[in-house]
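Numbering (UniProt numbering), first residue to last: 1 to 168.
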């Protein structure tokens with residue numbers, strides 16, 4: 001027969017924020033293998049931002065702060081900080097890639113404009129079609145940039161929270 005005991009030091013139920021973090025993680029994992037369309041990627045970026053917002057709220061809980069501030073958790077906290085730097089680096093790399101894509105796209109738009117008047121160039125219909133596709137791509141890139149920027153700010157906020165907890 002199992003004996004159930006309660007501890008005075010731990011709550012009987014986890015804080016609702018823990019469940020919210022789990023839900024965000026499950027949602028992100030379920031979309032991991034799905035579409036890689038630009039709208040899907042933008043949606044995933046906003047889901048990541050929501051997850052980090054939830055983690056930041058979790059870090060504001062006194063029990064979490066007390067636990068992280070204990071010396072026995074120093075290695076774990078250090079790993080979290082290192083991970084946050086890696087995530088910031090990934091965001092910066094993604095931003096750089098989007099800038100390069102935008103530059104290439106602008107080059108293509110310039111080529112289309114030049115070739116449109118050239119007799120060996122593009123037909124008006126194909127030039128218009130290509131221009132429309134590039135405009136759609138530009139809109140998608142803008143969404144990606146906005147999502148990355150929001151995520152980047154949220155990562156910074158979470159990192160600042162962690163550093164404040166560890167320094168107090």
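We treat Cβ as the ideally placed atom computed from N, Cα and C, and that holds for glycine.
A quick note: this is a predicted structure, and the numbers were derived from the prediction, not measured.
| request: Compute the distance between the beta-carbons of residue 50 and residue 24, then report whether it is under 8 Å. | output: Cβ atoms of residue 50 and residue 24: closer than 8 Å.
| task | Report buried or exposed for residue 124, applying the criterion of at least 16 other Cβ atoms within 10 angstroms of its Cβ. | result | When all chains shown are included, residue 124 counts as exposed.
| query | Under the rule that 16 or more other beta-carbon atoms within 10 Å means buried, what is residue 29, buried or exposed? | reply | Result: exposed.
| field | Helix, strand or coil at residue 58 according to DSSP, with G and I counted as helix | value | If DSSP states are grouped into helix, strand and coil, residue 58 belongs with the helices.
| field | Option in 61, 102, 153, 41 with minimal Cα separation from residue 18 | value | Ranked by how close their Cα comes to the Cα of residue 18, the residues 61, 102, 153, 41 have 61 in first place.
| task | Specify the secondary structure class of residue 40 as computed by DSSP and reduced to three states. | result | If DSSP states are grouped into helix, strand and coil, residue 40 belongs with the helices.
| query | What three-state label does DSSP hand residue 15 in the structure shown? | reply | Residue 15: coil per DSSP, three-state reduction.
| query | When we look at the beta-carbon of residue 147 and count the other beta-carbons within 10 Å, is it buried (16 or more) or exposed? | reply | Buried, since its Cβ has 16 or more Cβ neighbours within 10 Å.
| said: Under DSSP, the alpha helix (DSSP H) around residue 124 begins and ends at which residues? | reply: First-last of the alpha helix (DSSP H) with residue 124: 124–167.
| query | In or out: residue 91 buried (at least 16 other Cβ within 10 Å) or exposed? | reply | So residue 91 counts as buried.
| Can the beta-carbon of residue 38 be found less than 8 Å from the beta-carbon of residue 150? | One thing to note: residue 38 has its Cβ no nearer than 8 Å to the Cβ of residue 150.
| Cβ pair residue 84, residue 155 closer than 8 Å | A contact, by the Cβ cut-off of 8 Å.
| field | From 63, 46, 72, residue whose alpha carbon lies closest to that of residue 14 | value | 63 is the residue among 63, 46, 72 whose C-alpha sits nearest the C-alpha of residue 14.
| Excluding five sequence neighbours on each side, which residues of the same chain lie with their C-beta closer than 6 Å to the C-beta of residue 159? | Answer for residue 159: 84, listed in chain order.
| request: Write down the C-beta distance between residue 134 and residue 108 rounded to the nearest angstrom, noting that I regard them as a contact closer than 8 Å. | output: The distance from the Cβ of residue 134 to that of residue 108 is about 6 Å, consistent with a contact at the 8 Å cut-off.
| query | Closest by CA to residue 138, which one among 127, 102, 54? | reply | Measuring from the Cα of residue 138, the nearest candidate turns out to be 102.
| task | Run the CB neighbour count on residue 72, radius 10 Å, all protein chains shown included, and call it buried at 16 or more, exposed below. | result | Residue 72 counts as exposed, since fewer than 16 other beta carbons sit within 10 angstroms of its beta carbon.
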